[in-house]
Amino acid sequence: MDAAVTRRAFVEQIMGLPVSVHVRGPQAGFDEAATAVADLFAELRMIDAVFSTYRPDSRISALNRGEPVRDDLVDTVIDLCEQARERTDGYFDAHLPAPAGGTWFDPSGLVKGWAVERAAARLAGYESYVSAGGDMVLRGSWRVGIEDPARPDRMLTVLEVADCAVATSGPAHRGAHIIDPHVGAPASGLRSVTVLGPSLTWADVYATAAVARGPAAMRWLAGLAGYEALLVRDNGDLLATPGWPTRG
Amino acid sequence: MRRITLWLVTTVAVVVLLFSYRTSTMGASAPAAATAAGANAPGIVSGSTSDAAGAPPDDPTDTAPADPSSGTPSAAPTGAPTDAPTAAPRPTATTAAPKAASNLVVNGTVAQTRWGPVQVQVHISGNKITDVKTLQIPNGNNRDYEINSYAVPQLHDEVLQAQSANIDVVSGATVTSDGYIESLQAALDSAHFKG
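Laid out in structure tokens, this is it:
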């Protein structure tokens, strides 16, 4: 324990992503904070073991082989994926073309945000953030730089926001293109979409769906109560929903 | 900061107004709202305490969210930074944090806006709004597309060099394990590893 410490950072690579956790304030130096962060990382690794499509021993791989799977977490995610499909008019769809042909169930696009939101609950009461590859849960007030998709060393803008989630998606997210499920081809028209709102699960789903939908997603995003969005078009133009906080 | 605070407060205020509206006009207007095309009945959809599930689905007469005096302060996100000191670190967070008492799902009434009817559903867990779902939004037409496609040219003035931006965290679509070492987030992390 070190009372002088006012901010600590922790990083682990989980789900192919750097997961950064920062804890700030007088409690940051307490052993309890480090324990809570260790538990958070352990929870993310556990969820990855259940849902990784890269691991043949995961529950999701078993599900895709047609084996019976009884698992509360899997049931929860299947239900959320169905809700996501409905909420996004089908622009988020976990039933993706399989590498070997046909379709398979790949909830990865939802699991990351959901898992981080779930695990970050362990830091309730701490001024903290948990960011998994740029999608984050914030507790307390933090300054968030929104990366310029054309030049990742620069920021488009900086927001000072408190107690919310921020997710950014782009067409080249994690090296794989976001497919417009209605067309079956890579989506185009947007370089990135950032969504701000109360739930990381839904901020992330909405950002991903908006990229698949293209610039026409603007009207849909503006109608989502509680969530605000910033869109970067292919030509570099910026569009935001009316409630987007334009100055930090 | 003020702007964002204002934005959050506004968001919550709208939600609270919807609740308040329902109670203040329960006698006459609620049935009318409920009969609007495609509307979901306003009121509590589901509610539970940590292990006792199933509050009566529609008995809104004495429920908390309708009361601004109890609902607003605890639900307002801006309250949390000041909560931090009082919320002592949990001694051992070995089990899932005991989530606070109640989980509520509440449908707002259908609000008539200049663009058409709007209805939201709010999820509340432990006195915090955890999700807001849109049940009904105006049908699209060119006019509201124009209104909603709010361009933000002023952001172009804010293009910032990352190293001078004084930021805590980066949101972007490009941060992967492969690119992490070179990322700005890595620099932000390494500045605080010492502990």
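Which chain is which? The protein sequence lines are A and B, in order.
The first sequence begins at 838 in the numbering used here and counts up one residue at a time.
The second sequence begins at 6 in the numbering used here and counts up one residue at a time.
All residues carry an ideal CB built from backbone N, CA and C; glycine is no exception.
Option in the options with minimal Cα separation from residue i
| i | options | result |
| --- | --- | --- |
| S1036 of chain A | A:A987, A:P893, A:A957 and A:R1056 | A:A957 |
| D1090 of chain A | A:E964, A:G1026 and A:V906 | Any property of residue 1090 of chain A remains undetermined from this structure, which presents chain A solely from 838 to 1085. |
| A1054 of chain A | A:A1044, A:R892 and A:E984 | A:A1044 |
| W951 of chain A | A:V1048, A:D916, A:V906 and A:G866 | A:D916 |
| G1080 of chain A | A:T843, A:R980 and A:L1067 | A:L1067 |
| Y924 of chain A | A:R980, A:V953, A:A1047 and A:R844 | In the sequence under discussion, the amino acid at residue 924 of chain A is Arg, which differs from the Tyr named in the question. Comparing Cα positions, the closest option is A:A1047. |
| A865 of chain A | A:D943, A:R976, A:R907 and A:T843 | A:T843 |
| G927 of chain A | A:D885, A:P986 and A:D1017 | A:D1017 |
| G946 of chain A | A:W1039, A:A961 and A:P1082 | A:W1039 |
| G977 of chain A | A:D985, A:E964, A:M883 and A:V1032 | A:E964 |
| V174 of chain B | A:R980, A:G1007, A:A987 and A:A1002 | A:R980 |
| R907 of chain A | A:A1002, A:A921, A:V887 and A:R959 | A:V887 |
| V1003 of chain A | A:E997, A:A987, A:D985 and A:G1034 | A:G1034 |
| P1082 of chain A | A:G1007, A:L1058 and A:E997 | A:E997 |
| E880 of chain A | A:R1056, A:R959, A:D868 and A:P1008 | A:R959 |
| N112 of chain B | B:T139, B:K133, B:S130 and B:G131 | B:T139 |
| S107 of chain B | B:L193, B:G184, B:S51 and B:I186 | B:S51 |
| P1008 of chain A | A:T872, A:R896, A:D1071 and A:S895 | A:D1071 |
Span separating the alpha-carbon of residue i from that of residue j
| i | j | result |
| --- | --- | --- |
| G853 of chain A | P863 of chain A | 32 Å |
| G1060 of chain A | S1029 of chain A | 19 Å |
| R861 of chain A | V127 of chain B | 30 Å |
| G1063 of chain A | V1042 of chain A | 14 Å |
| Q850 of chain A | A875 of chain A | 13 Å |
| A999 of chain A | P905 of chain A | 42 Å |
| I983 of chain A | N171 of chain B | 12 Å |
| R932 of chain A | Y891 of chain A | Note that residue 932 of chain A is His in the sequence shown here, rather than Arg. In a straight line, the C-alpha of H932 of chain A is about 16 Å away from that of Y891 of chain A. |
| T913 of chain A | V948 of chain A | 10 Å |
| P855 of chain A | V848 of chain A | 7 Å |
| V1069 of chain A | A191 of chain B | 24 Å |
| A870 of chain A | H1019 of chain A | 45 Å |
| R1050 of chain A | F942 of chain A | 20 Å |
| D885 of chain A | R955 of chain A | 13 Å |
| S195 of chain B | S182 of chain B | 15 Å |
| V115 of chain B | A46 of chain B | 9 Å |
| V48 of chain B | Q920 of chain A | Per the sequence shown, the amino acid found at residue 48 of chain B is Gly instead of Val. Roughly 21 Å separates the two Cα atoms. |
| A1077 of chain A | L1058 of chain A | 9 Å |
| D868 of chain A | G131 of chain B | 26 Å |
| V911 of chain A | L877 of chain A | 19 Å |
| G184 of chain B | G177 of chain B | 12 Å |
| C1001 of chain A | L189 of chain B | 21 Å |
| V1032 of chain A | V137 of chain B | 14 Å |
| P944 of chain A | V858 of chain A | 24 Å |
| R882 of chain A | V110 of chain B | 30 Å |
| K133 of chain B | R845 of chain A | 26 Å |
| E187 of chain B | P986 of chain A | 15 Å |
Residue i: first and last residue of the uninterrupted alpha helix (DSSP H) it sits in
| i | result |
| --- | --- |
| Q864 of chain A | No alpha helix (DSSP H) holds Q864 of chain A; DSSP gives it neither H nor E. |
| N901 of chain A | R896 to N901 |
| T1038 of chain A | L1037 to R1050 |
| A196 of chain B | Per DSSP, A196 of chain B belongs to no alpha helix (DSSP H) and is neither H nor E. |
Delimiting residues of the beta strand (DSSP E) encompassing residue i
| i | result |
| --- | --- |
| G982 of chain A | S978 to D985 |
| R1070 of chain A | E1065 to R1070 |
| R845 of chain A | R844 to I851 |
| R907 of chain A | R907 of chain A -> no beta strand (DSSP E), and no H or E assigned at all. |
| S182 of chain B | Premise fails: S182 of chain B is in no beta strand (DSSP E) and is neither H nor E. |
| L1061 of chain A | From DSSP, L1061 of chain A is part of no beta strand (DSSP E); its letter is neither H nor E. |
| R988 of chain A | R988 to A999 |
| A1053 of chain A | No beta strand (DSSP E) contains A1053 of chain A, which DSSP labels as neither H nor E. |
| S965 of chain A | E964 to A969 |
CB contact below 8 Å: residue i versus chain C
| i | result |
| --- | --- |
| W951 of chain A | Of the protein chains in the structure, A and B, none is chain C. |
Original post:
Pairing CB atoms from the stretch 961-976 of chain A with CB atoms from the stretch 934-946 of chain A, are three or more of them under 8 Å?
Top reply: no
message = Does the stretch 901-917 of chain A come into contact with the stretch 991-998 of chain A, if we say contact requires no fewer than three beta-carbon pairs (one atom in each stretch) closer than 8 Å?
response = no
Minimum length 3: unbroken beta strand (DSSP E) runs contained in the stretch 928-959 of chain A: 932-934 and 940-942
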